[in-house]
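S.K.: Throughout, the working numbering is defined as the position within the sequence shown, counted from one, plus 97. The beta-carbon is built from N, C-alpha and C at its ideal position, and this holds for glycine as well.
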Amino acid sequence: MNSQELFEQIKKKRSFLCVGLDTDKTKIPEHLLDTDDPIFEFNKAIVDATHDLCVAYKPNLAFYESEGIDGLKSLEKTVKYIRENYPELFLIADAKRGDIGNTSKMYAKAFFEHMNFDSVTVAPYMGEDSVTPFLSYENKWVILLALTSNKGAFDFQFMEEDGTRLFEKVLETSKKWGTPENMMYVVGATKAESLSDIRKIIPESFLLVPGVGAQGGSLTEVAKYGLNDKCGLLVNSSRGIIYAGKDEDFTLFARGEAMKVQSEMSSLLEEKGLI
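1) Which residues in the same chain have their Cβ closer than 6 Å to the Cβ of residue 201, if we skip the five residues on either side of it in sequence?
2) Whole angstroms is fine: what's the gap from residue 132's alpha carbon to residue 172's?
3) For the stretch 237 to 289, which segments carrying the alpha helix (DSSP H) assignment without a break, of at least 4 residues, lie completely within its bounds, in sequence order?
4) Span of the beta strand (DSSP E) holding residue 118?
5) Per DSSP, what are the beta-bridge partners of residue 314 in this structure?
6) By how many angstroms is the C-alpha of residue 192 removed from the C-alpha of residue 163?
7) Round the Cβ separation of residue 206 and residue 340 to the nearest angstrom and send it over; I've been treating them as touching at under 8 Å.
8) So if DSSP puts residue 304 in a beta bridge, which residue, or which two residues, is it bridged to?
9) Looking only at its chain, what residues have a beta carbon closer than 7 Å to the beta carbon of residue 137, apart from the 5 residues adjacent to it on each side?
10) Just checking residue 128 against the ligand SAM - is the residue's beta carbon closer than 7 Å to any of the ligand's heavy atoms?
11) What would DSSP say about residue 366, mapped onto helix, strand or coil?
12) Look at residue 361 and residue 316 and say whether their C-beta atoms are less than 8 Å apart.
13) Since residue 157 sits in a beta bridge, which residues does DSSP pair it with?
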């Protein structure tokens, strides 16, 4: 999927919502625990309930790896189910990989060839040769960590040298490795005030923005500073949607929360003249 195809999905659905499938077995409705694969059954139900309101899904690998081989099988089944039933959706492996070139090559093979994700989150700390193996795949995307939403972001990401903050250095350097057609950036919603500075460096790139919803980020602020002329945003909500309900009717609550976000996004896109 290229950026124009992604933008067309955004316009069609009037949404730039990404639903995070951070599926914790201890938090899913109890009746699903009696099924053969509770994680997959939960994901399937969430996807069926929200697929028309979002443009992307983002499974966080930690929640699947923590369950061992069974968790990875659940993830593989989830991806296959989405591919077969809702092929227009953009799939993000939230894996935060990044290692020496040969190792990154194997990570890229795992997520792009075996698991058939559209994109993978990658840490930039080890530099260009740790990222380029992911960029060698046609119509696949690297989503590079730029500015995160956690408290610890202030430990390193805002360090300054000659008036340039570290996250700005990451953006300036890494934008030479790829293009707006194969590289996105993670920018936390709780740092929305920095989006205007980020847009000066990467005006055309898509940004994956976590932190809206349970983490307290403001969708209005993110849109104000982050939207570009092709939207350029994928805003993620995980817990606020997938755990909105706890009983057998949990999908109704998940859909209700997704509809609230989609409705706000529709208004924001309309205000910007994008739809």
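M.R.: In short:
1) Here residue 201 corresponds to residue number 104 of the sequence shown, with the count starting at 1. So the list reads 227 and 230, once near-sequence residues are dropped.
2) Residue numbering aside, residue 132 sits at position 35 when the sequence shown is read from its first letter. Residue numbering aside, residue 172 sits at position 75 when the sequence shown is read from its first letter. Linking residue 132 to residue 172 through their CA atoms gives a straight-line distance of about 16 Å.
3) Here the runs fully enclosed are 250 to 253 and 263 to 271.
4) For the purposes of this step, residue 118 is taken as the residue at position 21 of the sequence shown. Segment 114 to 118, the beta strand (DSSP E) holding residue 118.
5) Within the sequence shown, residue 314 is the residue found at index 217, counting from 1. Note: residue 314 sits in a beta bridge opposite 309.
6) In the sequence shown, residue 163 corresponds to position 66, counting from 1. In the sequence shown, residue 192 corresponds to position 95, counting from 1. Approximately 13 Å between the Cα atoms of the pair.
7) The residue you call residue 206 lines up with position 109 of the sequence shown. The residue you call residue 340 lines up with position 243 of the sequence shown. Actually they are not in contact, since the Cβ atoms of residue 206 and residue 340 sit about 33 Å apart, beyond 8 Å.
8) Along the sequence shown, one-based indexing puts residue 304 at 207. Answer is 282 and 330.
9) Working through the sequence shown from its first residue, we reach residue 137 at position 40. Hits under 7 Å: 171, 174 and 175.
10) For the ligand SAM, the structure offers nothing, since it holds no ligand at all.
11) One-based indexing of the sequence shown puts residue 366 at position 269. It is helical.
12) For the purposes of this step, residue 361 is taken as residue 264 along the sequence shown, with counting starting at 1. For the purposes of this step, residue 316 is taken as residue 219 along the sequence shown, with counting starting at 1. Yes, these two residues count as a Cβ contact at 8 Å.
13) Taking the first residue of the sequence shown as position 1, residue 157 is located at position 60. Residue 157 is bridged to 191.
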